[in-house]
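What follows is a short report on a single structure.
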Amino acid sequence: MLERGERVDDSWIVLGQRTEEEGHLTVRRTWLLGEDTRRYALVLQFTAAGSPFAEGFVSGMTWRGEIAFYPGAYPLRAVVRARSGDGDRFEGLPGHETVEACLDHTSKATALQPWLERLPAALIGVVPLLDGAPEGGRWLIRDRAGQALPLAGGEHWTLLSMSGGRPVDLAAEWNGEGLIPLGVAAAGTYRILAQEG
Amino acid sequence: MDALTRAAVAGTSRETPPASGLPTDGLLGSAKGKSLERNLLLRAGMRTVYRTAGRVAESGIEAPQSAPDETIPACSAKAAELLGRLLVDQRTTILLEALERLRLARLRRPHALLPGALNVEQEELRPAVATVLGERGRWLARLNPEWAWAVGDDGDLRDVWDEGALKERTSVLRRVRERDPALGRERLSETWRETPTGTLSTAEAISVLTGGLASAAFYGDGAMIASDVAAGLTGTIVKDPVQDRVAWLEYLQTVVRERKGWKDLYRECREVV
């Protein structure tokens, strides 16, 4: 199958990971973003509970390498064919500059492949905010044009603290309803965001 | 409940799934040869994709007020990690000292670790934690009622200042002084006027006096003069050479100097300090 898959060589930024238990299996999703191609990719790994994953990825780092996409209407899942080391910290997230552009990407992906439950989304220059009191309030991100999208997956105090009401770069999973943060780049550092609350 | 959901809940034998009225209806093609159930499921699927793909951004959300710039740098990542571990382990005594050192070094917690610091549950730690939150911490605390203790609201501080124990009052005073030195000074001189012995315990006062008497008898004619008391008094009060010295000097200038007949004590104490 991989022989037919498209191969892409790029500097791949590791946006973040989510690890979930599914019965006896541990599933890990690692989201990548190509610096030059601006292509997103998903590396899906499985292990029997307890044993380590065959391949490690460090969030916030970038490495040069070739990945091969599984064929599909909207190729997203990929395997790493070759890579050189864990590389360096990335400089600047090549994400969407507006909420509009981000929705364009998720809409196109959904239209091509409606079965995707989660899509990656990297946004640059967005301000996270809490609209209202923590109790019953809404967590959102707002771009420079004033367009907003909801954040999902609990509370986001670390993200809020790191932004201080100023624009940050955000990597997230889009679940159709809201963005679940994976990591944030603020003041020159990238930080993995765990789910809170 | 919309018509499509109603048909799904009631069963297709009772309710015929209606056309959704969405532009996607055309995609379904002829209903011929499709069962009602299949028809309903296709419509539901199309509607879901239509909605997900057609998601639009929200507008009319006000930009939040941004936090003021920090005035002091963040502590090192290592120091922050150590502090974080102490917080988790609830090592109160060590924590108090660590926080105090951070404050004296004029450093603050890094932004990413502020929620953890604000979630500290031991109340006795809070005044010390509040001194290392920086501008960002106070900004963040304003957004969560549970963190009201860290906001630096003068109403709350005033209560603690008026009713708190010496330790709490000291920490409140530090915070007030950091933000508004003039106000801190005013509070300090105000309380000293009210309770002139507030800084010394009775035991300490007695010890200062007996020290003064002994010195008067040994070096002088037995009558205790200002120079006999000044060294003992200053030594008892100034325990922290930086903080206490400043406070003592302030007290000397605002209270002792103004007091009738205390000129000699003021002079001697200034000399010693």
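The listed protein sequences derive, respectively, from chains L and R.
The opening residue of the first sequence carries number 4 in our numbering; numbering runs sequentially from there.
The opening residue of the second sequence carries number 239 in our numbering; numbering runs sequentially from there.
Here a beta-carbon is modelled for each residue, glycine too, at the ideal position from N, C-alpha and C.
Here the structure is a predicted model, which means the values were calculated and not measured.
Determine, for residue i, whether the minimum Cβ-Cβ distance to residues of chain R falls below 9 Å.
i: Glu103(L); result: yes
i: Ser110(L); result: yes
i: Met165(L); result: yes
i: Val61(L); result: no
i: Thr161(L); result: yes
i: Ala155(L); result: no
i: Pro137(L); result: yes
i: Thr40(L); result: no
i: Pro117(L); result: yes
i: Asp134(L); result: yes
i: Ala76(L); result: no
Just how far apart, CA to CA, sit residue i and residue j?
i: Gly458(R); j: Gln491(R); result: 28 Å
i: Thr250(R); j: Ser297(R); result: 39 Å
i: Thr65(L); j: Arg84(L); result: 15 Å
i: Met165(L); j: Leu371(R); result: 13 Å
i: Asp172(L); j: Ala248(R); result: 47 Å
i: Leu378(R); j: Pro184(L); result: 19 Å
i: Asp482(R); j: Ile475(R); result: 7 Å
i: Ala95(L); j: Leu342(R); result: The residue asked about is misnamed: residue 95(L) is Gly in this sequence, not Ala. Distance between the alpha carbons of Gly95(L) and Leu342(R) is about 36 Å.
i: Glu9(L); j: Pro74(L); result: 7 Å
i: Glu158(L); j: Gln303(R); result: 19 Å
i: Pro434(R); j: Glu488(R); result: The predicted position of Pro434(R) is uncertain, since its pLDDT is 44 and thus under 50; no value can be drawn from it.
i: Thr262(R); j: Lys272(R); result: 17 Å
i: Gly460(R); j: Ala454(R); result: 5 Å
i: Thr330(R); j: Gly68(L); result: 49 Å
i: Arg495(R); j: Arg415(R); result: 22 Å
What is the residue span of the alpha helix (DSSP H) that residue i lies within?
i: Leu323(R); result: For clarity, residue 323(R) is Arg in the given sequence; the question names Leu instead. That run of the alpha helix (DSSP H) goes 315-327.
i: Trp34(L); result: No alpha helix (DSSP H) contains Trp34(L), which is instead part of the beta strand (DSSP E) from 28-37.
i: Leu278(R); result: 274-291
i: Asp172(L); result: Segment 171-177 is the beta strand (DSSP E) holding Asp172(L); no alpha helix (DSSP H) there.
i: Val46(L); result: Val46(L) -> not in any alpha helix (DSSP H); beta strand (DSSP E) instead, spanning 43-51.
Please report the residue range of the beta strand (DSSP E) in which residue i lies.
i: Tyr504(R); result: Where Tyr504(R) is concerned, there is no enclosing beta strand (DSSP E), although the alpha helix (DSSP H) it sits in stretches over 501-510.
i: Ala464(R); result: Taken as a continuous stretch (DSSP letters only), Ala464(R) belongs to no beta strand (DSSP E), being part of the alpha helix (DSSP H) at 464-475.
i: Ala151(L); result: 151-153
i: Glu23(L); result: 10-25
i: Leu185(L); result: 182-189
Can you tell me whether residue i is buried or exposed? The criterion is at least 16 other CB atoms within 10 Å of its CB, across all chains shown.
i: Ala245(R); result: buried
i: Val326(R); result: exposed
i: Lys498(R); result: exposed
i: Gly53(L); result: exposed
i: Leu47(L); result: exposed
i: Leu465(R); result: Per the sequence presented here, residue 465(R) reads as Ser, with Leu not at that position. Buried.
i: Phe49(L); result: exposed
Between residue i and chain L, is the shortest Cβ-Cβ distance under 9 Å, so that the two count as touching?
i: Leu537(R); result: There is simply no residue 537(R) to check, as chain R begins at 239 and stops at 511 in what is shown.
i: Gly470(R); result: no
i: Ala350(R); result: yes
i: Ser251(R); result: no
i: Pro434(R); result: Confidence at Pro434(R) is low in this model, with a pLDDT of 44, below 50, so its placement is unreliable and no value can be given for it.
i: Leu266(R); result: no
i: Leu378(R); result: yes
i: Ala295(R); result: yes
Taking 8 Å as the cut-off, does the CB of residue i come closer than this to any heavy atom belonging to the ligand NAP?
i: Gly473(R); result: Judged by which ligands are present, the structure shown has none, so any question about the ligand NAP falls away.
Original post:
What are the start and end residues of each continuous alpha helix (DSSP H) run of 4 or more residues lying completely inside the segment 70-146 of chain L, in chain order?
Top reply: 102-115
**OP:** May I have a chain-ordered list of the alpha helix (DSSP H) segments no shorter than 4 residues that lie completely inside the segment 344-402 of chain R?
**Re:** For the segment 344-402 of chain R, whole alpha helix (DSSP H) runs of length 4 or above, ordered along the chain, are 352-356, 364-368, 372-379, 392-401.
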